[in-house]
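**Student:** Quick note on numbering: the sequence shown equals residues -19 to -1, 1 to 985 in mature numbering (1 follows the signal peptide of the UniProt record, and there is no 0). All C-beta atoms, glycine included, are put in the ideal place defined by N, C-alpha and C. Quantities reported herein were computed from a predicted structural model and do not represent experimental measurements. Mind looking over this structure? Questions follow.
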Amino acid sequence: MKYITSMLFVLGVSTYISAQQSAIYTNDLVLYNRALELYNNKQFLAAQNLFDKVRDESNDENIDSNCTYYIANCAVWLNQRDADQLLESFVVQYPTSIKRNAAYLDAANYYFDNGKYAYARKWYEKVDESSLSRSERERFDFNNGYAYFKIQRFNEAKKYLNRVEDSPEYGAKAKYYLGFIAYEGDNYQEADKLFDEVKDLDEYNKNLSYFQSDMNFKSGNYQEAINEGLSQLPKSKPSEKSELNKIIGESYFKLEEYEKAIPYLKEYKGRKGKWNNTDYYYLGYAYYKQGDYTNAISEFNKIVDGRNATAQNAYYHLAESYLKTDQKQQALNAFKNASEMDFDAKIKEDATYNYAKLSYEIGNSYESASKTLLSYLEQYPNTSAKEEIKELLISSYITSKNYKEAMDLLEGSRNFADKEIYQQVAFYRGVELYTENDYRSAIEYFNKSLKYPTNPQFEARATYWKAESNYLLTNFDEALIDFKQFEGATGASTVNESKNINYNLGYTYFKLKQYEQAAKHFEAYTTQSDIDDNRKTDTYLRLGDSHFISRKYWPAMEAYNAAIKGNGPDADYAHYQKAISYGFVNKPNKKISDLEMFLKKYPESAYQDDAMFALGDVYISENKISNGISAYDRLAREMPNSTFVPKALLKQGLVFYNGNQSEKALSKFKKVVADFPGTDEAVQAVNTARLIYVDLGRTEEYSAWVKGLSFVDVTDADLDNTAYEAAEKQYLENNDAGAINGLTKYLAEFPNGLHAVKSHFYLGQLYFKKGNKNETIPHYEYVLQKGQTEFTEQSLSKLAQVYLENKKYEKAIPVLERLENNASHTQNTIFAQSNLMKSYYQLVNYPQTIAYAEKVLANPKIQDDVKSDAQIFIARAALQTADMPKAKQAYAQVQKIAKGELAAEALYYDAYFKNQEKNYKASNETIQQLSKNYSGYRLYGAKGLVLMAKNFYGLKDAYQATYILESVIKNFTDYPDVIEEARTELKMIKAEEAKTNSSIQTEQ
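Right under this line is the structure:
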């Protein structure tokens, strides 16, 4: 009984526990069902929370599995960040769950419905297709197909869409998208078939108008494309209007109905707001065919970076449009561009022809007109324009003024051996080298010209300029032969050079010291009526000099009077020479009065010291001692740096010596020795002082004085003189090697000898003559350390040249400044000032550069080339200091007188200043002038082209700007700075134009 009771107790307990568990399960199921109800009612957050609670309280694996599934699914619907992880966790935790596939499918469908196709495809890839129902399978296929369609993976899209093509629910949609895929693949027949099957469905029909119109266009059915487009245009969506306008416009274009095409082409808005080069071509060409060249240009010149047949065609018609509107520079660039493309051979040939002709007509900064014409003939030897181009080629050699390249072409081309053209071009190349002061090379080309004496005029001219070159090389004998040959030449009388032949013969005879012959020709020249006043005045001066040297003083004075009357820049010289001449015809009083008048009339003359010294001499010779002494004193006081000062002091000493004023004489002699040691005057002063000391019986005083002098050793005087005279003899006989050897030995033996200054000077001159410029430096420096002597001025000039050639501007400047202050010859003053100007510029001292340039310009005796130099340096220095008005003014002055490279530089900056003032058109006109007249100066040609590109962009012509810059980068590799500027400008322009033109490739 006890046992039964126990068993009953156990059973009771067991029953109680079972009932308790059943109650819990029932409770969980109620909550689970409530959560499921919330889920089905799309109250996902509440459902998720309740599922979470059920799962926490449940011990049933099935309930846990279901709750976990729904919690993850709610996360998907709620777009919670950990939704992916929850689904993955569900699959991992319950791999055998029947809801595994449903989880994938629900997630995929959710993302698909929300337009997140990449997420959808990720989940669709996990779905087991075999376990899907038919309806689920159709939705799965369509959604997958559409998702692939959206990312334009059409092959994958077709795989799925083809599966549901016959589906009642998805078939129409599938056919629509399959039709679109066929359309995109240019399979218009298939596309048309599929679209036709869904065209009666309003949902799709409204989207088919564009595609059907476009398919007709692409199939070449242009009228059908127009009809379809026009019918749909009023009811099309805004996004389609632009594309329909494009189709209609291009269809009219294909039918050559350009007037009708234009309004529709203009209405096209581009892809993402951008047109491409082809779009611009259609509209530009339509304008071109209508004769509206201005608008054609406006569209064509937006075609940038074109590298295909359409671009070649566009650039050719752009060039023609430019020609029609008389914009030849722009046409040149466009023809050049079209000629460089090989897509259409006929366009290429015609563009090359026009490019060559325009190069001849307006000039070309890329390459010479001669080269472009020759290139055309070599590229198209059978052209019907052969004779025309040949004539232009021959003319271009002369008109281009690029004679160096012309000679290279003539000497290097087998096609052209025209002797007359060769004669002329060789002559002009010689003249070009002559103007650049390269006289030896000039003679070489004049001789080349004379090899083919086809044209008598050019034969005469070549002979004349060869003579001029020889003259400037101091080959006076050869110059005389050439001038005489010119005088007798057949064509001489018909050329301008003939009017100056007597002038040139006069000068040549003068240099050969044949003064009577010189006077004969100078006299003949003065009788001519066709010479300018300055040259006539100069002729009278040289005529006077010829008579003067020949001791025909009265005729000399007549010539000097004529020169004075001309009042030219050398009137002071004529007046001085006339005064001196009176002394030789025994008219001392007239000489005195004229010298006195000279000193008053020409206070700034370089001959002031000459006149003062001469005045002192004539007073002494006329026994007007006090007046003479006063004249010498005035010279020493007013012009202490003159080479006449030691002579004047010596003369004073000698006058006092001859007048028995020994102490005064000694004072003057000692001053000469102290202030001008080592000079001939100092040596003579010592010798004369010796006589005075002997007469006074004060030889000990003399000996003490002489021992303190470094330049004289009385005991060695005879040896000194003997050694020097031997060396000097070699120098005077032009035995340069012997002279150098003898003078070097003399200085080694007598480093402070009587003739040390002269020896050093002669050695400097000898080494300079040999071209051993650096060897001259210690010798010229020695001369300059000895104060003012007769050798000072030449030593300063030569030493300055050496330093300048070595680009040692810091050393050159003090030498040039001393030369400027001490020069007795005007040309040395000009040399000093002009080179001080250049040296200060090199040392970046721009204020001093300008100061010296203005000094040079203030000199009335400077030539045009020196004026050009001065104005150029003012301009350059002003640019460096940002003084633009001054730079502009200076370059304007340069333009008036400059030749060659300086003229090219001046023209470039004229264009530059116009660009700065935004006067782009005028700037380009100046650059065209630069390219036509100075194409040989490639640096300024390249700089001018970059400036032209900026001008064109300022004129809103992007094509011209970019093409020119690209051409500069390709053709001017010798100038890296210019190329860098071109690249920078090109990058900026392309970046700006790419905002509206999708064809432009910009640098990253």
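Could you pull the DSSP bridge partners for E252 from this structure?
**Tutor:** The residue you asked about is not Glu; residue 252 is Arg in the sequence shown. For R252, which the question treats as bridged, DSSP gives the partners K255.
**Student:** For N294, name the three-state secondary structure that DSSP assigns.
**Tutor:** N294: helix per DSSP, three-state reduction.
**Student:** Whole angstroms is fine: what's the gap from E662's alpha carbon to V687's?
**Tutor:** So the alpha carbons of these two residues sit roughly 15 angstroms apart.
**Student:** Comparing alpha-carbon positions, which option in P219, K235, K352 and S912 lies nearest L202?
**Tutor:** In the sequence under discussion, the amino acid at residue 202 is Asn, which differs from the Leu named in the question. Per the Cα distances, K235.
**Student:** Can you tell me which residues form a DSSP beta bridge with N978?
**Tutor:** Bridge partners of N978: W256.
**Student:** Where does L(-12) sit, in a helix, a strand or coil, going by DSSP?
**Tutor:** Confidence at L(-12) is low in this model, with a pLDDT of 33, below 50, so the placement of that residue should be treated as unreliable; the coordinate-derived value is given next. Reduced to three states, the DSSP call for L(-12) is helix.
**Student:** Measuring CA to CA, which of L493, A887 and N294 is closest to T259?
**Tutor:** Of the listed residues, the one whose Cα sits closest to T259 is N294.
**Student:** Thinking C-alpha only, which one of A242, R421, K218 and P215 is nearest K227?
**Tutor:** Answer by Cα proximity: A242.
**Student:** Can you give me the start and stop residues for the alpha helix (DSSP H) that E662 sits inside?
**Tutor:** Counting along the chain, the alpha helix (DSSP H) containing E662 begins and ends at D661 to L677.
**Student:** What residue range does the alpha helix (DSSP H) around L912 cover?
**Tutor:** The sequence given here has Ser at residue 912, not Leu. Run containing S912: Y901 to N914, per the alpha helix (DSSP H) assignment.
**Student:** By DSSP, does Y75 sit in helix, in strand, or in coil?
**Tutor:** The answer is coil: DSSP assigns Y75 none of H, G, I, E or B.
**Student:** Is S3 helix, strand or coil by DSSP?
**Tutor:** Here the model assigns S3 a pLDDT of 44, short of 50, so the residue's position is not dependable, and the following value carries that caveat. S3: helix per DSSP, three-state reduction.
**Student:** Can you tell me whether residue 998 is helix, strand or coil according to DSSP?
**Tutor:** Within the shown structure, residues of the chain are numbered from -19 to 985, placing residue 998 beyond reach of any answer.
**Student:** Would you call A4 buried or exposed, if buried means 16 or more other Cβ atoms sit within 10 Å of its Cβ?
**Tutor:** Unreliable placement is indicated for A4, whose pLDDT of 44 sits below 50; no coordinate value is reported for it.
**Student:** Apart from the five residues on each side of it in sequence, which residues of its chain come closer than 7 angstroms, Cβ to Cβ, to Y638?
**Tutor:** For Y638, where only same-chain residues beyond five positions count, the Cβ hits under 7 angstroms are A646, T669 and I673.
**Student:** What residue does the alpha helix (DSSP H) around P569 start on, and which one ends it?
**Tutor:** Here the alpha helix (DSSP H) through P569 covers P569 to K582.
**Student:** Does the beta-carbon distance from A552 to I545 come in below 8 angstroms?
**Tutor:** Result yes, Cβ atoms of A552 and I545 sit closer than 8 angstroms.
**Student:** What number of angstroms, rounded off, separates the C-alpha of N428 from the C-alpha of E440?
**Tutor:** Near 10 angstroms, if we compare the C-alpha coordinates of E440 and N428.
**Student:** Between R442 and E478, is the Cβ-Cβ spacing less than 8 angstroms?
**Tutor:** Yes, they are a contact pair.
**Student:** W58 and F25 - do their beta-carbons sit closer together than 8 angstroms?
**Tutor:** Yes, the Cβ-Cβ distance between F25 and W58 is below 8 angstroms.
**Student:** In whole angstroms, give me the CA-to-CA distance for T965 and L946.
**Tutor:** T965 and L946: Cα-Cα distance of roughly 10 angstroms.
**Student:** For R857, count the other beta carbons within 10 Å of its own beta carbon; 16 or more makes it buried, fewer makes it exposed. Which is it?
**Tutor:** Buried.
**Student:** For N803 versus T773, is the C-beta distance shorter than 8 angstroms?
**Tutor:** Their beta carbons are under 8 angstroms apart, which means N803 touches T773 by this criterion.
**Student:** With the cut-off set at 8 angstroms, would you say V108 and Y85 are in Cβ contact?
**Tutor:** Yes, they are a contact pair.
**Student:** Please classify H741: does DSSP put it in a helix, a strand, or coil?
**Tutor:** Reduced to three states, the DSSP call for H741 is helix.
**Student:** Taking F135 as part of the alpha helix (DSSP H), name the residues at either end of that continuous run.
**Tutor:** First-last of the alpha helix (DSSP H) with F135: F135 to L142.
**Student:** Given that a residue counts as buried once 16 or more other Cβ atoms are within 10 Å of its Cβ, and exposed if not, what is Q909?
**Tutor:** Buried: at least 16 other Cβ atoms inside 10 Å.
**Student:** Mind checking which residues open and close the alpha helix (DSSP H) that includes A544?
**Tutor:** Unbroken alpha helix (DSSP H) run through A544: Y534 to G547.
**Student:** Between T364, E401, N363 and E209, which has its C-alpha nearest residue 989's C-alpha?
**Tutor:** The structure shown does not extend to residue 989, since the chain is modelled only from -19 through 985, so no value can be given for it.
**Student:** I'd like the list of long-range same chain contacts for K352, defined as Cβ closer than 7 angstroms, with 5 residues on each side in sequence excluded.
**Tutor:** Taken in chain order, the residues that qualify are E386 and L390.
**Student:** Could you give the distance in angstroms between the alpha-carbon of G96 and the alpha-carbon of T306?
**Tutor:** If you take the alpha carbons of G96 and T306, they lie about 56 angstroms apart.
**Student:** With 16 other CB atoms within 10 Å as the buried threshold, where does V73 fall?
**Tutor:** Looking at its Cβ environment, which holds fewer than 16 other Cβ atoms inside 10 Å, V73 is exposed.
**Student:** Assuming G472 and N515 form a contact by the criterion Cβ under 8 angstroms, report the distance between their Cβ atoms to the nearest whole angstrom.
**Tutor:** That pair is no contact at about 28 angstroms.
**Student:** Go ahead and pull the three-state DSSP assignment for I132.
**Tutor:** Coil at I132, not helix or strand.
**Student:** So, using beta-carbon positions, are K283 and N932 closer together than 8 angstroms?
**Tutor:** The answer is no: Cβ separation not under 8 angstroms.
**Student:** Determine the DSSP secondary structure at F637, reduced to helix, strand or coil.
**Tutor:** Helix at F637.
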